[in-house]
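Have a look at the structure below before the remarks.
There are 2 protein chains.
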Amino acid sequence: MTDARAEDRSIPFLMHQIVGRVERLVNKWARPLGLKIEGVRVLFRLLGGERSVNELARLTGVEISTLSRLLGRMSAMGLLTRRRDPADARSVIVSLTDTGRKLALEHQPVYFRDYEEVLLGGFTGAEAQALRQHLIDMIDNLDAAGDETKPGAGETAARAAGG
Amino acid sequence: MTDARAEDRSIPFLMHQIVGRVERLVNKWARPLGLKIEGVRVLFRLLGGERSVNELARLTGVEISTLSRLLGRMSAMGLLTRRRDPADARSVIVSLTDTGRKLALEHQPVYFRDYEEVLLGGFTGAEAQALRQHLIDMIDNLDAAGDETKPGAGETAARAAGG
DNA sequence: TTTCAATCATTGCATTTGCAAATAATATTG
DNA sequence: CAATATTATTTGCAAATGCAATGATTGAAA
Chain A
42 MTDARAEDRS IPFLMHQIVG RVERLVNKWA RPLGLKIEGV RVLFRLLGGE RSVNELARLT
102 GVEISTLSRL LGRMSAMGLL TRRRDPADAR SVIVSLTDTG RKLALEHQPV YFRDYEEVLL
162 GGFTGAEAQA LRQHLIDMID NLDAAGDETK PGAGETAARA AGG
Chain B
42 MTDARAEDRS IPFLMHQIVG RVERLVNKWA RPLGLKIEGV RVLFRLLGGE RSVNELARLT
102 GVEISTLSRL LGRMSAMGLL TRRRDPADAR SVIVSLTDTG RKLALEHQPV YFRDYEEVLL
162 GGFTGAEAQA LRQHLIDMID NLDAAGDETK PGAGETAARA AGG
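In order, the protein sequences belong to chains A and B.
Each position in the first sequence, counted from 1, maps to that position plus 41 in this note's numbering.
Each position in the second sequence, counted from 1, maps to that position plus 41 in this note's numbering.
Following this line, the structure appears as structure tokens:
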């Protein structure tokens, strides 16, 4: 068991493992609802109010073309509606139907918060908070690095958070 | 910019964001090589020596059926070979070809270590180490929770690491 | 107003995905 | 040895993915 390790502890790989596991757990749970994790994210995000497709993409982290089609499916399922934004006819406003809202509210207790509780089992509040901040910092680092299209040999790393 | 936030700070979501960004960065870089991130993982993992498909799946976090097909493609690209394990004819041993090894070695400098450096930009060594350990703990938590098929209302969270 | 650039969303297309079933070989048990 | 359970890998199939290109609308500049 401790044999196949070695090199398994890089941060990106560990995070990949965690995200993959969470996805599999959520997918398993959401399958009876006819949804996968992305659909679940969309559903619960919309509980907070109407959003444009663009906002939804940013808020859920789903690729926008993927999202567009996902919205089509969820719309066909009767979970949400799409209508043109009167103020800007390029945008499409997505909102939950009563059915969608009902579904979301019914299953709210097993949403991400609970997965977060699983993830953070055994963590102190301070540890959890430090972790959360570190994750946010890493996102900033990535956004800074993303501008360069290529990470380079590592020279640009420290600058991102160092200021 | 600080407008569309709200609820963006759950641990699973933040990690999803990070993993997605890393994937996009690596995919962009790896595309000229005819690979995506999973292929890159396989390639560099094999640099450490031959592996069975099963081991490779565990080590790279790639779904096994996906991996099987990916190996077929990479084999067709001349990057690796598959042969039956003489000691256990159920297993298939995957190893790099000279071409594959050459490719891996050429591009080693921009592999995950560098992305890790990007991610950890501005982190102290202690912070990085704490983060790494937290990630490992979270994987353990997930594995413990995975046995139950469903996360429940949150009652099982603390038990996982608390013992 | 006309023209050109930027933004938002959708779709074409080939590729890839994941689950579940199938296939094959080995371990275990009696 | 025979029968059964377990492990390793591959494939059938329907569905989903992402990039790039398109259509439609708005904003800016002259």
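Ideal Cβ positions, reconstructed from N, Cα and C, are used throughout, including at glycine.
Quantities reported herein were computed from a predicted structural model and do not represent experimental measurements.
Local conformation of residue i per DSSP, three classes
i: serine 106 (chain B); result: helix
i: proline 192 (chain B); result: Reliability fails at proline 192 (chain B), whose pLDDT of 32 lies under 50, so the model's placement of it is uncertain and the value that follows must be treated cautiously. Three-state result, proline 192 (chain B): coil.
i: proline 53 (chain A); result: helix
i: arginine 200 (chain B); result: Per-residue confidence for arginine 200 (chain B) stands at a pLDDT of 32, beneath the threshold of 50, marking its modelled position as unreliable; the derived number appears in the next sentence. Helix, per DSSP.
According to DSSP, residues forming a beta bridge with residue i
i: aspartate 184 (chain B); result: Answer is none; aspartate 184 (chain B) lacks a bridge partner.
i: glycine 134 (chain B); result: The sequence shown places isoleucine at residue 134 (chain B), not glycine. DSSP, once it has assigned bridges, lists B:Ser93, B:Arg124 as partnering isoleucine 134 (chain B).
i: aspartate 139 (chain B); result: In DSSP, aspartate 139 (chain B) forms no bridge with anything.
i: aspartate 178 (chain B); result: DSSP, once it has assigned bridges, lists no residue as partnering aspartate 178 (chain B).
Own chain, CB closer than 7 Å to residue i, minus 5 neighbours either side, in chain order
i: threonine 122 (chain A); result: Ser116, Ser136, Thr138
i: isoleucine 78 (chain B); result: Glu64, Val67, Asn68, Ala71
i: aspartate 44 (chain A); result: Confidence at aspartate 44 (chain A) is low in this model, with a pLDDT of 38, below 50, so its placement is unreliable and no value can be given for it.
i: methionine 118 (chain A); result: Gly75
i: threonine 140 (chain B); result: Gly119, Leu120
i: alanine 130 (chain A); result: none
i: leucine 176 (chain B); result: none
8 Å Cβ shell around residue i - same chain, five flanking residues per side excluded
i: aspartate 126 (chain A); result: Ser93, Ser132, Val133, Ile134
i: glycine 193 (chain A); result: At glycine 193 (chain A) the pLDDT is 35, less than 50, meaning the model places this residue with poor confidence; the figure from the coordinates comes in the next sentence. Taken in chain order, the list of residues that qualify is empty.
i: arginine 86 (chain A); result: Arg92, Leu97, Leu100, Thr101
i: glycine 204 (chain A); result: Bear in mind that the predicted position of glycine 204 (chain A) carries a pLDDT of just 22, short of 50, making it too unreliable to give a figure here.
i: proline 150 (chain B); result: none
i: isoleucine 105 (chain B); result: Val94, Asn95, Ala98
i: tyrosine 156 (chain A); result: Val63, Leu66, Val67
i: phenylalanine 164 (chain A); result: Leu172
i: leucine 111 (chain B); result: Glu79, Gly80, Val83, Val103
8 Å contact criterion, which residue i and residue j should meet: CB distance rounded
i: asparagine 68 (chain A); j: valine 159 (chain B); result: About 29 Å separates the two Cβ atoms, so there is no contact after all.
i: glycine 102 (chain A); j: histidine 57 (chain B); result: 5 Å
i: valine 60 (chain B); j: valine 60 (chain A); result: 4 Å
i: arginine 173 (chain B); j: arginine 50 (chain A); result: 6 Å
i: leucine 84 (chain B); j: alanine 145 (chain B); result: 5 Å
i: isoleucine 180 (chain A); j: leucine 55 (chain B); result: 7 Å
Spatial neighbours of residue i in its chain, beta-carbon cut-off 6 Å, leaving aside the 5 residues before and after
i: leucine 161 (chain A); result: Ala169
i: arginine 124 (chain B); result: Ile134
i: arginine 114 (chain B); result: none
i: glutamate 147 (chain A); result: none
Positions along the stretch 174-187 of chain A whose CB lies within less than 7 Å of some CB in chain B: His175, Leu176, Ile177, Asp178, Met179, Ile180, Asn182, Leu183, Ala186, Gly187
Chain A contacts made by the stretch 54-67 of chain B, where a contact means CB separation under 9 Å: Phe54, Leu55, Met56, His57, Gln58, Ile59, Val60, Gly61, Arg62, Val63, Glu64, Arg65, Leu66, Val67
Chain B contacts made by the stretch 65-94 of chain A, where a contact means CB separation under 7 Å: Leu66, Lys69, Trp70, Gly89
Residues within the stretch 126-139 of chain B neighbouring chain A, beta-carbon criterion of under 7 Å: None of the residues of the stretch 126-139 of chain B has a beta carbon lying less than 7 Å from any beta carbon of chain A.
Residues from the stretch 156-167 of chain B in contact with chain A, defined by Cβ distance under 8 Å: Tyr156, Glu157, Glu158, Val159, Leu160, Leu161, Gly162, Gly163, Phe164
Under 7 Å (Cβ pairs) to chain A, residues found in the stretch 98-111 of chain B: Under the 7 Å Cβ criterion, the stretch 98-111 of chain B contributes Arg99, Leu100, Gly102.
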